[in-house]
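These notes concern the structure reproduced below.
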């Protein structure tokens, strides 16, 4: 038996808990930004994150409410998506703390920054991947803002690559689940897509 949920009759917070419990696992955009004066570097995890387009390369994440990340991006026009690896679990969670805007999560949590190549915000030195982005556009949806960033530079640690390609087993991504739950990479299965002609042939074969 299934249980029905109607967002029209539920509080938004309750439906939020439902959605985040069933849309899993969610990759994490560990977003670094900088204040317009360049004095404070901000770092925060956002789990409403994915690829929006490949040509041009655009990624997107959602800021639920007007977070420091969003304000800085709107005012400076750039940000970095740092990969969230399993071994930095505690630090990633700590950067979700609601520090005042004038406090740098890099300094408060003890995370080493490194200069980016194409944008102003720093990268996380200990993250194996960084996507340097220029703001493409934003879309306001209710209490949230979807941020689209054009990737202008990417850097990948050679230790997580095999034959020049990043490997999930080496990246060991951290993901968000429901409630206060986080996930790590389990088993990895590989299978090729089946072309329609092959599918027809296989179906016709007794």
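Residue numbers (full-length UniProt numbering): 1 to 206. Quick reminder that beta carbons are idealized off the backbone N, C-alpha and C, glycines included.
Along the chain, where does the alpha helix (DSSP H) that runs through residue 11 open and close?
No residue range can be given for residue 11, since it is assigned to no alpha helix (DSSP H) and is classified by DSSP as neither H nor E.
Same chain, Cβ closer than 6 Å to residue 49, five either side skipped, listed in chain order:
Shown here for residue 49: same chain residues with a beta carbon closer than 6 Å to its own, the five before and five after excluded, namely 27, 29 and 61 in chain order.
Residue 91: buried (16+ other C-beta within 10 angstroms of its C-beta) or exposed?
Buried, because 16 or more other Cβ atoms sit within 10 Å of the Cβ of residue 91.
State yes or no: is the C-beta of residue 81 within less than 8 Å of the C-beta of residue 31?
Against a cut-off of 8 Å, the Cβ pair of residue 31 and residue 81 comes out as a contact.
May I ask you to verify whether the region 147-157 touches the region 85-100, counting CB pairs closer than 8 Å and requiring at least 3?
Contact between the region 147-157 and the region 85-100 is not established, with fewer than three Cβ pairs separated by less than 8 Å.
Which residues in the same chain as residue 134 place their Cβ atom closer than 7 Å to its Cβ, once the five residues preceding and following it in sequence are excluded?
Hits under 7 Å: 77, 78, 119, 149, 150 and 152.
Would the beta-carbon of residue 44 fall within 8 Å of that of residue 34?
With respect to residue 34, residue 44 sits apart: the two C-beta atoms are not nearer than 8 Å.
Enumerate in chain order the residues of its own chain whose CB-to-CB distance from residue 117 is below 6 Å, with the five nearest sequence positions on each side excluded.
Only 153 meet the Cβ criterion.
Run the CB neighbour count on residue 51, radius 10 Å, all protein chains shown included, and call it buried at 16 or more, exposed below.
Within a 10 Å sphere around the beta-carbon of residue 51 sit fewer than 16 other beta-carbons, which makes this residue exposed.
Going by CA-CA distance only, name the one from 175, 83 and 176 that's closest to residue 125.
Minimum Cα-Cα distance from residue 125 among the listed residues 175, 83 and 176 corresponds to 83.
Excluding the 5 residues preceding and the 5 following residue 155 in the sequence, name in chain order all residues of the same chain whose CB lies nearer than 6 Å to its CB.
Excluding the 5 residues flanking it on each side, residue 155 has same chain C-beta neighbours closer than 6 Å at 130, in chain order.
Please state if the CB of residue 178 and the CB of residue 17 are separated by a distance shorter than 8 Å.
A contact, by the Cβ cut-off of 8 Å.
Have a look at the DSSP bridge pairing and note the partners of residue 183.
Beta-bridge analysis with DSSP links residue 183 to 175.
Would a C-beta distance cut-off of 8 Å place residue 185 and residue 176 closer than the cut-off?
No, the Cβ-Cβ distance between residue 185 and residue 176 is not below 8 Å.
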